[in-house]
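J.: Taken in order, the sequence shown gives residues 1 to 195; the numbers are from the numbering used here. Backbone N, C-alpha and C define an ideal beta-carbon position, used for all residues, glycine too. Take a look at the following structure, please.
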Amino acid sequence: MVLARFQFNKQVSIFDKVHQTEARKILKDAPIMWRRINSIGIILDCNSTYAAKLGYAKSEILGRPIFEHVPKESWNEMNDSLQKWFETGEVSHRKITFKRQDGSTFPALLHAASLYDKKNNLLGSNTVIFDVSEMEDSKIKEYEEFFKTAKSKLDEISKDYQKLDENAKSEYDGLKKMFDLLSSTDLNELKITDS
Numbered sequence: 001m002v003l004a005r006f007q008f009n010k011q012v013s014i015f016d017k018v019h020q021t022e023a024r025k026i027l028k029d030a031p032i033m034w035r036r037i038n039s040i041g042i043i044l045d046c047n048s049t050y051a052a053k054l055g056y057a058k059s060e061i062l063g064r065p066i067f068e069h070v071p072k073e074s075w076n077e078m079n080d081s082l083q084k085w086f087e088t089g090e091v092s093h094r095k096i097t098f099k100r101q102d103g104s105t106f107p108a109l110l111h112a113a114s115l116y117d118k119k120n121n122l123l124g125s126n127t128v129i130f131d132v133s134e135m136e137d138s139k140i141k142e143y144e145e146f147f148k149t150a151k152s153k154l155d156e157i158s159k160d161y162q163k164l165d166e167n168a169k170s171e172y173d174g175l176k177k178m179f180d181l182l183s184s185t186d187l188n189e190l191k192i193t194d195s
């Protein structure tokens with residue numbers, strides 16, 4: 001099992017180095033938690049924020065099911081999210097509790113948008129997760145600045161869209177759809193209030 005997982009991680013790592021597109025590079029060190037899953041909920045990639053927030057090394061996350069990062073009490077919510085994603089191709093504003101490696105939890109808001117190949121076959125999804133427990137003015141400002149920068153980079157990439165290979169087009173389309181979904185999120189509604 002360990003050897004098989006190592007070989008899977010090695011294959012994913014080699015694939016990423018060769019095929020990582022400009023669109024995906026936007027998310028590499030983004031302040032938001034991001035992961036990519038396949039059509040059965042196995043994590044194929046994530047950014048450094050996702051790994052750090054959950055307390056794992058990235059290599060410990062790749063190849064693992066998404067259910068490992070939520071407490072058992074949240075499995076039904078996560079399963080409902082997967083079902084909605086299968087039916088509609090996206091999930092937005094879904095409240096899910098996440099579990100860190102040390103067992104502690106935090107409330108989060110999840111958004112997911114599907115990725116398709118050129119024949120419109122489902123490849124998986126891009127998922128963005130906001131840690132609701134950190135939603136203060138400074139964090140919201142950081143997210144808003146990131147969204148502006150990301151939109152600008154995606155606009156630049158779109159100018160050369162026809163020159164992109166199929167992998168890069170799929171990456172771009174999936175991230176564009178995800179950022180369009182995120183634009184419908186009023187981060188101020190998630191703000192922590194003193195009670």
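Looking only at C-alpha atoms, which of K153, E90, L187 sits nearest to S138?
T.: Against the sequence shown, residue 138 aligns to sequence position 138. Among K153, E90, L187, the Cα nearest to that of S138 belongs to L187.
J.: Quick one: what's G124 bridged to in DSSP?
T.: Numbered from 1 along the sequence shown, position 124 holds the residue referred to as residue 124. Answer is N38, L115.
J.: Say the cut is 7 angstroms; is the CB of K141 nearer than that to a heavy atom of the ligand MN?
T.: Inclusion of the ligand MN in the displayed structure is not the case, the ligand content being empty and no account of it being possible.
J.: Please report the residue range of the beta strand (DSSP E) in which I96 lies.
T.: Stepping through the sequence shown from its first residue, residue 96 is reached at position 96. 90-99 is the span of the beta strand (DSSP E), which, as asked, contains I96.
J.: Measure from the alpha carbon of V91 to the alpha carbon of each residue in D45, A112, L175, then state which is nearest.
T.: On the sequence shown, residue 91 is found 91 positions in, with the first residue counted as 1. When each option's Cα is compared against that of V91, the closest is A112.
J.: Can you tell which of A23, E87, N76, I40 has its C-alpha closest to the C-alpha of P65?
T.: Taking the first residue of the sequence shown as position 1, residue 65 is located at position 65. Looking at the Cα atoms, I40 is the closest of the given residues.
J.: Indicate the three-state DSSP secondary structure (helix, strand or coil) for A108 in the structure shown.
T.: Translated into positions along the sequence shown, residue 108 becomes position 108. Three-state DSSP puts A108 in a strand.
J.: Give the DSSP bridge partners of D131, in chain order.
T.: For this step, residue 131 is matched to residue 131 along the sequence shown. In DSSP, D131 forms a bridge with A108.
J.: Run the CB neighbour count on F86, radius 10 Å, all protein chains shown included, and call it buried at 16 or more, exposed below.
T.: Counting from 1 along the sequence shown, the entry for residue 86 is found at position 86. Counting Cβ neighbours within 10 Å, F86 comes out exposed, since fewer than 16 surround it.
J.: Would you report the Cα separation of E171 and L122, rounded to the nearest angstrom?
T.: Locating residue 171 in the sequence shown gives position 171, where the first residue counts as 1. Locating residue 122 in the sequence shown gives position 122, where the first residue counts as 1. If I take the Cα positions, the gap works out to 13 angstroms.
J.: In angstroms with no decimal places, state the Cα-to-Cα distance between F98 and E68.
T.: In the sequence shown, residue 98 corresponds to position 98, counting from 1. In the sequence shown, residue 68 corresponds to position 68, counting from 1. Distance between the alpha carbons of F98 and E68: 9 angstroms.
J.: If you pair each beta-carbon of the region 153-160 with each one of the region 101-120, do three or more pairs fall below 8 angstroms?
T.: no
J.: I'd like the span of the beta strand (DSSP E) that includes L44, first residue to last.
T.: Looking up residue 44 in the sequence shown gives position 44. Per DSSP, L44 belongs to the beta strand (DSSP E) from 43-46.
J.: Rounded to whole angstroms, what is the Cα-Cα separation between D117 and K153?
T.: Numbered from its first residue, the sequence shown carries residue 117 at position 117. Numbered from its first residue, the sequence shown carries residue 153 at position 153. Each residue's alpha carbon lies about 22 angstroms from the other.
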